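Mature numbering (1 follows the signal peptide of the UniProt record, and there is no 0) puts the sequence shown at residues -16 to -1, 1 to 266. Built from N, CA and C at the ideal position, the CB exists for glycine as well. Keep in mind that this is a model prediction, so the values were computed, not measured. For reference, the structure discussed in these notes is given below.
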Amino acid sequence: MKKVLLMLLCTFQAWAQNLPAPRLIVRGDDMGYSHSGNLALMQSSLNGIQSSIEVIVPSPWFPEAVQMLQAHPNIDVGIHLALTSEWDKLKWRPLTEAKSLRDPDGYFFPMVYANKQYPGLAIVENKFTLADIEAEFRAQIELAIKKIPRISHITSHMGCSRINAEVIELTKRLAKEYHLIYENTLYPFERASYDGPFQTSTQKIASFIKMLRRLQAGKTYCFVDHPGLDDAELKAVSHIGYEGVAADRQGVTDVFTSQQVKDAIRDLGIQIISYRDLGPRP
């Protein structure tokens, strides 16, 4: 019996050693929200480990994002469906009439879910309609595909595609209709996050590398964050509860372009992939 168990253990160990290396999608979100964000996202892809960029189509700097991405056709791009405009001094509106998704000034509501700092200004606190969400999602998808035909997938800004079961099913249906991957519904992966404190650039780099060391062979992961630059533009961008945007997002750029991080990925044998590497579109 002991010999059989030993043989089984050896077989399992041999099998485990032959598992493929961990695969990691490094995703940068919110392209279009600012010029600084656009610059940082491009830097993170061209000089760093970022493997997919998510674009907010109704955002103010979307035209520049399109121009930048057209100049670099090898970058994987996703549509970051958006129904909110969360910053206090920077706003955007729906592409469609979408009356049930607008605040009193005509902008998107700042929040998806109730927030005590913005009472009554969350989508779920208002009488939104599924028809308005579908029309807006379609408009964003179609404009993105028109301007960036290589779009491979859709994700959601602040979880707006997961408001309720109906919106989830709507988003799945639209993804199938437009032949786009929808987050991890078709190709399961696990979410990866900083393993430790991440207030400063130094902490972020250390916690990111610590996370890398915990990735398991044979599994696919996705790490999501928001690159930016610590400059005058982003120092003017904030909402209540998130005031240090410029420094925080510069830290993300520092992680994605860090030589320490690149060396750790190489030494650990981790394979950096994009959404389009997951397989054919639905």
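Within the same chain, show all residues whose beta-carbon is closer than 6 Å to that of residue i, passing over the 5 residues directly before and after it, in chain order.
| i | result |
| --- | --- |
| Phe207 | Val10, Ala176 |
| Tyr91 | Ser69, Lys75, Arg77 |
| Ala24 | Pro211, Gly212, Leu213, Thr237 |
| Gly235 | Ser185, Lys188 |
| Val41 | Gln124, Leu127, Ala128 |
| Asp209 | Val236 |
Measuring alpha carbon to alpha carbon, tell me which residue in the options is nearest residue i.
| i | options | result |
| --- | --- | --- |
| Pro211 | Leu8, Ala5, His56, Ser36 | Ser36 |
| Gln51 | Asp179, Leu218, Ala128 | Ala128 |
| Ile256 | Gly228, Ala220, Thr184, Leu196 | Leu196 |
| Glu167 | Lys131, Asp247, Val96, Thr204 | Thr204 |
| Gly143 | Pro133, Leu65, Ala55, Asp215 | Leu65 |
| Asp13 | Ile138, Gln54, Ile132 | Ile138 |
| His19 | Arg250, Ala220, Tyr259, Arg260 | Ala220 |
| Ile254 | Ala216, Leu199, Arg260 | Leu199 |
| Arg134 | Tyr97, Val151, His56, Ser145 | His56 |
| Tyr97 | Lys130, Ser145, Gln54, Leu53 | Ser145 |
Going along the chain, which residues of its own chain have a beta-carbon closer than 8 Å to the beta-carbon of residue i, five neighbours each way excluded?
| i | result |
| --- | --- |
| Ser84 | Asn110, Lys111, Phe112, Thr113, Asp116 |
| Gln244 | Ile189, Ile193 |
| Ala201 | Ala(-1), Leu3, Pro4, Ala5, Pro6 |
| residue 337 | Residue 337 is absent from the model: the chain starts at -16 and stops at 266. |
| Met95 | Thr68, Glu70, Tyr102, Leu105, Ala106, Ile107, Met142 |
| Asn22 | Met15, Gly16, Trp45, Glu48, Ala49, Met52 |
Work out the CA separation of residue j and residue i for me, nearest whole Å.
| i | j | result |
| --- | --- | --- |
| Asp60 | Thr186 | 28 Å |
| Trp(-2) | Ser191 | Residue placement at Trp(-2) is poorly supported in this model, since its pLDDT is 49, which falls under 50; the coordinates still yield a value, given next. When rounded, the distance between both Cα atoms is 30 Å. |
| Phe121 | Ser43 | 14 Å |
| His141 | Arg233 | 16 Å |
| Asp87 | Lys73 | 15 Å |
| Ser28 | Thr241 | 6 Å |
| Lys164 | Pro47 | Contrary to the premise, residue 164 reads as Leu rather than Lys in this sequence. Rounded to whole angstroms, Leu164 to Pro47 spans 22 Å at the Cα level. |
| Leu30 | Val39 | 16 Å |
| Val229 | Leu252 | 31 Å |
| Ala106 | Asp247 | 43 Å |
| Gly62 | Ser136 | 6 Å |
| Lys100 | Ala119 | 29 Å |
| Pro264 | Ile132 | 18 Å |
| Tyr102 | Arg157 | 32 Å |
| Glu81 | Tyr17 | 21 Å |
| Ile147 | Glu227 | 26 Å |
| Leu67 | Glu161 | 20 Å |
| Ala159 | Ile249 | 32 Å |
| Leu262 | Asn58 | 15 Å |
| Ala231 | Ile224 | 16 Å |
| Glu153 | Val108 | 17 Å |
| Ala49 | Met15 | 7 Å |
| Lys155 | Leu218 | As written in the sequence, residue 155 is Thr, which differs from the Lys given in the question. Rounded to the nearest angstrom, the two C-alpha atoms are 31 Å apart. |
| Ala216 | Gln54 | 27 Å |
Could you check what DSSP says for residue i in three-state terms: helix, strand or coil?
| i | result |
| --- | --- |
| Val236 | helix |
| Val39 | strand |
| Thr204 | strand |
| Ala216 | helix |
| Phe121 | helix |
| Lys246 | helix |
| Lys(-15) | A caution first: Lys(-15) carries a pLDDT of 47, below 50, which makes its placement in the model unreliable, though a value can still be read off. DSSP places Lys(-15) in helix when its eight states are reduced to three. |
| Glu174 | strand |
| Ala106 | strand |
| Ile189 | helix |
| Thr139 | strand |
| Gly21 | helix |
| Leu67 | coil |
| Asp89 | coil |
| Tyr259 | helix |
Tell me which same chain residues have a C-beta within less than 7 Å of the C-beta of residue i, skipping the five on either side of it?
| i | result |
| --- | --- |
| Phe182 | Lys188, Ser191 |
| Gly32 | Phe240, Thr241 |
| Ser222 | Trp71, Asp72, Val229 |
| Tyr178 | Lys188, Ser191, Phe192, Met195 |
For residue i, is the classification buried or exposed, using 16 other Cβ atoms within 10 angstroms of its Cβ as the cut-off for buried?
| i | result |
| --- | --- |
| Ala149 | exposed |
| Glu174 | exposed |
| Thr184 | exposed |
| Asp89 | exposed |
| Gly180 | exposed |
| Leu(-11) | Note that Leu(-11) scores 36 on pLDDT, short of 50, meaning its location in the model is unreliable; the coordinates nonetheless yield the value given after this. Exposed, by the Cβ-count rule. |
Against chain B, with Cβ distances strictly below 7 Å, would residue i count as a contact?
| i | result |
| --- | --- |
| Ala176 | Judged by its chain identifiers, the structure shown contains no chain B, having just a single protein chain. |
Taking 6 Å as the cut-off, is the C-beta of residue i nearer than that to any heavy atom in the ligand ZN?
| i | result |
| --- | --- |
| Thr155 | Looking at this structure, you won't find the ligand ZN or any other ligand, since it has none at all. |
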